[in-house]
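Have a look at the structure below before the remarks.
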Amino acid sequence: MTRSRVSFLLACCILLIAALPAWSAPAAADANGDQLSALTDRLEASKTEALGWWLPYKMQLDHYMNEPTGLALCILLATLVGTVVGAFFCLIPSLHIYNVAGISVMIWIVIKGLVPFAMLAPFFMGMIVAFAYVNTIPMTFFNAADESAGATLLPSNDLMARGRGWDASILSGIGTMAGTMVLIVLTPLAYFVLTYVHEIIGPHTHWILGLIMVFYVMSEWPKGAGRGKTPWTKFKDAWRNVFAGMFTFTLAAVTGCILLTKPLVPVEDAFQAIMPVFVGFFAFPSTIQALFNQSAPARQYLSKYVNGDLKEVGYATVPGTIAGLMCALFPGITMGIACIFSGHMTNHRALRALSFEKPVEPGTYIRLHTPEMYYKQEAVFILGGGITKILYYVGAFLFVFVLTALTPTGMGRGGLNIMLRPVFSPEPGDYFIMLAVILISSCLSLLALISCTRWVIRILPRLNMNLVFILPTILMLILIYWLGGGWVGLGIAAVTTCIGCIPVFYASRRSHTMAFLLVPIALNMAGYGDALARWMHLV
Amino acid sequence: MKGLTHFVSGVCAASFIPQVVKMSASGEGGAASFILLLAGAYGVLPDTMDFKLGQFFSIAETELDPDPKNLDPQHMADEFARVINEVGDSGKPQRVQFFTSQVGANRWQQYNVIFEPKAIVIQFNEVVSTSQIPFPGTAPAPERRMGRAEFKYELKSRSLEHDWLNDCVRWMRRKLKGPDAPPGPVKPSTVDIFGGPQFGFRRESDGKIYFDWLPWHRTWSHSWVLGFLLTLPVYPITYFLGLDNWWLYGLVAFLGFFFHVFEDMTGHIGGALFWPLHKPRSEGLELFKASDPRTNFSIMYTAIILTLWNLDRFTTHVIAFPRWFANFPANLVYRFGFGQGWPQLPALVAEWLGHALTLTLFLVIPMVIYFKFIAWLKPRVVAKENERMQLTVENLKFRAGYAAAESAVALEAADGDDLEDVLD
């Protein structure tokens, strides 16, 4: 795809940005009036000596906030700051945006009343949008996996190994931008169809999650060739990955049932009690694998072009959207799991299968013709992953703002929603402001992704890869100790790292570790939570 | 069909039982049931038993396992021909297992097994990725690329020997599709990623050798009788666990299994429907290919929409069309100013009109659009592929011609002529 097409996409975004706030700002301004007066009251109550110097500025800011222009500027400022913060921190391998968001929420709780309330959601939205884009860089170039890695990591790593990390990164960014457009186009669907789907599946979520788990486990086929003279030797050879997957799933489910029923870390000591678990499942095993490999990164090539076109974006849209909506609508469903389903459902590669053609010269080799769709699927996979990624992270948060008679509290899912729930609730009209925020942040993030990719490719040969993995690991250990419950948190991370290493070293699906959340959530939703706790002697 | 197609079909079938949906909904007092998991799990069970279990119990008499460091297609072809001759001479059935050849984490040596009526060709192609994308220039040297061996007996793809079950299937197939096309030659196979195929061979009364593709697939595992037997333990377990409507659990499990076998009968291979009472595997109705994306997608979409529709009409009742139709004449007349007092539609009629509208909007119209789109897309994809194949042929011819010219130049140069003269 040429640079001009990327520019065209950006221009479309900017036009939409210009249109959306004008449409939605007055309603938002009205909606924020009451909040502002409430905030002022709280501000009076929370004045502190240390931050007293800020109060005159805050009063001035409040004055501006009553005007649509002032409100729009504040939202723009929050979006910019959120985007920059998100883009900067997600460049650090192993650091998940939810860790940064958790710290940000802590800071917000300290300074609340000193910053306009209307800046909270745009800040976090900007941060998560930037993450959806720029997180591609550590995932591609430093093999730093998170729970979405299953959907994008394999082809990206393959391209990286062939010196085409640029292609992988930019294709993912274009996919994410396409996903942003999908989010906007989905707006009528979100209000008039998804709300109904959300209500219909609401009381049935537990068994739908159960079905997803059953299929996910049952659909992992043996990867071994099944060599051997007896059934048992053939079985053992083929089943390594399946055994490893089922073992990982069971261990993660048991760990989840224990830790979510009876947390080992006291709530007051652990702001992000779940952080050590997921750092252990995803970040540390990747680091260990990278340190064991000790292989220098392949030489990367910069190009004016990427190997993809708009048709491939079109092909990727359907599976990417289905997987993204699954992630956004169901709790605990991550990209790796959702992409398995959407891939199974929508793969039309066999519309034109491999074909045997006559030899060019009689008596020479029969030609096995591989259809063009096969060659495209690498790009389609990465583009689809990009679309899913933004629907997963951003869509899940955006749907919190879909307020209808059927969904008076929105229908959002995801970690950010859970973290913000104590300090934030959406208001009517916020949805369109959030769309504008997403568009602005998307444009900035795509530009940041292009620049950062170019920068990383230049510095990659000079980087000490051991340090690249060890320094973030030390940072993560400090964060776990500080925010995740001290020594107990570190112990939990050690246990989950061991579990997370099983799929890495036995080539099974890493998303099996999501059983940590899925199994307890499904059981609790069905009403078996107490019975399980009693059965496991946890109460 | 794909595993997910069977999975969602089983769940969809079970969701037509109102009691199953009602006991699955949470928030209606007491713990909710996971009964629908049984429909999904038993829905993929036949293929799970085949691919995760059954195939390892089918031990082949001959294994052909290419050594990636020393490819020897001629040896493989000779071994294969030996097996066919032995089957023909002795009349004793045999199986041949081909293995894949992995050459890297995401690299596989691809090869073809190409059948002629009385010969086999083993041809090694390029190294491919796990997505089956070839890497140009990785094919083995010409002398180690192809092996061909002849055998004494003719191979055939359709069996002469058929039983009452196969006769029934053939009769039904002719009713649905018209007369069978004459059986073609045995189709070639491509061996590249994960596990390789197994072929079975047996001599039939006409002296020809019947070629049985994946002899372990869709045999004992694809049987309604076995499905029934496998659901029997569910009844006592649910009874002793004291679950409400315990008898429904076994029924739901059987529905999932039943629909898997039923859907597979629409393909080419069929199944052993009454194993162990009647063991041979029958042919299928040959309506679709199991891998056809149109069939798989349309069945999956239909199953998901029907399941959502069932969930709503049995529990949540949020789709407004049935209620809307109940007041439809009155609302319509009121809107046009003819006053009130018009009768409502009978409840049942209004309800089913609402359901019909729901299904038309969310199932019929999307499916029509999908098939129209695919009908528009496929000829274009095929035309483009044909154009690409033509280009490939021209490219290969050019490369072959270029190589011939290069070798002629080399020969002439070796003879001591002036190179520039030759090039001129």
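These protein sequence lines map, in sequence, to chains A and B.
Throughout the first sequence, residue numbering follows our numbering, covering 40 to 578 in sequence.
Throughout the second sequence, residue numbering follows our numbering, covering 161 to 584 in sequence.
The C-beta atom is built at its ideal place from N, Cα and C for all residues, glycine as well.
Quick caveat, the model's predicted, so the values are computed rather than measured.
Assigned secondary structure, residue i (DSSP; H/G/I helix, E/B strand, else coil)
{"i": "N470/B", "result": "helix"}
{"i": "G307/B", "result": "strand"}
{"i": "V281/B", "result": "strand"}
{"i": "S481/A", "result": "helix"}
{"i": "L320/B", "result": "coil"}
{"i": "P294/B", "result": "strand"}
{"i": "Q358/B", "result": "strand"}
{"i": "Q333/A", "result": "coil"}
{"i": "D366/B", "result": "coil"}
{"i": "A423/A", "result": "First, the residue type needs correcting, since residue 423/A is Gly and not Ala in the sequence shown. If DSSP states are grouped into helix, strand and coil, G423/A belongs with the helices."}
{"i": "T672/B", "result": "The question about residue 672/B has no answer, for chain B in this structure spans 161 to 584."}
{"i": "I429/B", "result": "coil"}
{"i": "I459/B", "result": "helix"}
Listed by chain order, chain A residues near residue i by CB distance under 7 Å
{"i": "D372/B", "result": "Near D372/B there are no residues of chain A at all, since even the closest Cβ is about 19 Å away, more than 7 Å."}
{"i": "N487/B", "result": "Simply none; closest approach about 18 Å."}
is_contact[residue i, chain B] using C-beta, thresh 8 Å
{"i": "R266/A", "result": "yes"}
{"i": "W246/A", "result": "yes"}
{"i": "W574/A", "result": "no"}
{"i": "D197/A", "result": "yes"}
{"i": "A389/A", "result": "yes"}
{"i": "K262/A", "result": "yes"}
{"i": "M166/A", "result": "no"}
{"i": "G253/A", "result": "It is Val, not Gly, that sits at residue 253/A in the sequence shown. Yes, V253/A lies at the interface with chain B (some Cβ there is under 8 Å from its Cβ)."}
{"i": "I239/A", "result": "yes"}
{"i": "P559/A", "result": "no"}
{"i": "S547/A", "result": "no"}
{"i": "S258/A", "result": "yes"}
{"i": "A207/A", "result": "no"}
{"i": "I405/A", "result": "yes"}
{"i": "A565/A", "result": "yes"}
{"i": "H102/A", "result": "no"}
{"i": "Y235/A", "result": "yes"}
{"i": "A277/A", "result": "yes"}
{"i": "V543/A", "result": "no"}
Any chain A beta carbon closer than 8 Å to residue i
{"i": "T518/B", "result": "no"}
{"i": "S383/B", "result": "no"}
{"i": "N272/B", "result": "yes"}
{"i": "P345/B", "result": "no"}
{"i": "K538/B", "result": "yes"}
{"i": "F400/B", "result": "no"}
{"i": "D232/B", "result": "no"}
{"i": "I282/B", "result": "no"}
{"i": "L411/B", "result": "no"}
{"i": "M236/B", "result": "no"}
{"i": "M209/B", "result": "no"}
{"i": "G360/B", "result": "no"}
{"i": "I429/B", "result": "no"}
8 Å Cβ cut-off: residues of chain A touching residue i
{"i": "K544/B", "result": "E411"}
{"i": "I293/B", "result": "T409, Y413, Y414, Q416, E417"}
{"i": "T476/B", "result": "E238, I239, G241, P242"}
Interface partners of residue i on chain B, CB under 7 Å
{"i": "T385/A", "result": "F457"}
{"i": "K273/A", "result": "F216"}
For residue i, the residue or residues it bridges with in DSSP
{"i": "F395/A", "result": "L407/A"}
{"i": "R267/B", "result": "G264/B"}
{"i": "V256/B", "result": "T222/B, F359/B"}
{"i": "G227/B", "result": "Contrary to the premise, residue 227/B reads as Asp rather than Gly in this sequence. DSSP, once it has assigned bridges, lists N230/B as partnering D227/B."}
{"i": "K151/A", "result": "V154/A"}
Residues that residue i contacts on chain B, provided the C-beta gap is smaller than 9 Å
{"i": "F395/A", "result": "N272, I274, K347, P348, T350"}
{"i": "F380/A", "result": "L164"}
The ligand HEM heavy atom lying under 7 Å from the CB of residue i
{"i": "A217/A", "result": "Absent from the structure shown: the ligand HEM. Ligands present: none."}
Chain B residues whose Cβ lies nearer than 8 Å to that of residue i
{"i": "P270/A", "result": "F216, F217, I219"}
| Touch test, the stretch 471-484 of chain A against the stretch 310-327 of chain A, Cβ-Cβ under 8 Å, three pairs minimum | Not touching, per the Cβ criterion.
| query | Hey, is the stretch 226-243 of chain A in contact with the stretch 316-326 of chain B, meaning 3+ C-beta pairs nearer than 8 Å? | reply | Verdict: no, contact absent.
| query | Do three or more CB pairs link the stretch 130-141 of chain A to the stretch 512-519 of chain A at distances below 8 Å? | reply | In short, these stretches touch, since the Cβ pair count reaches three.
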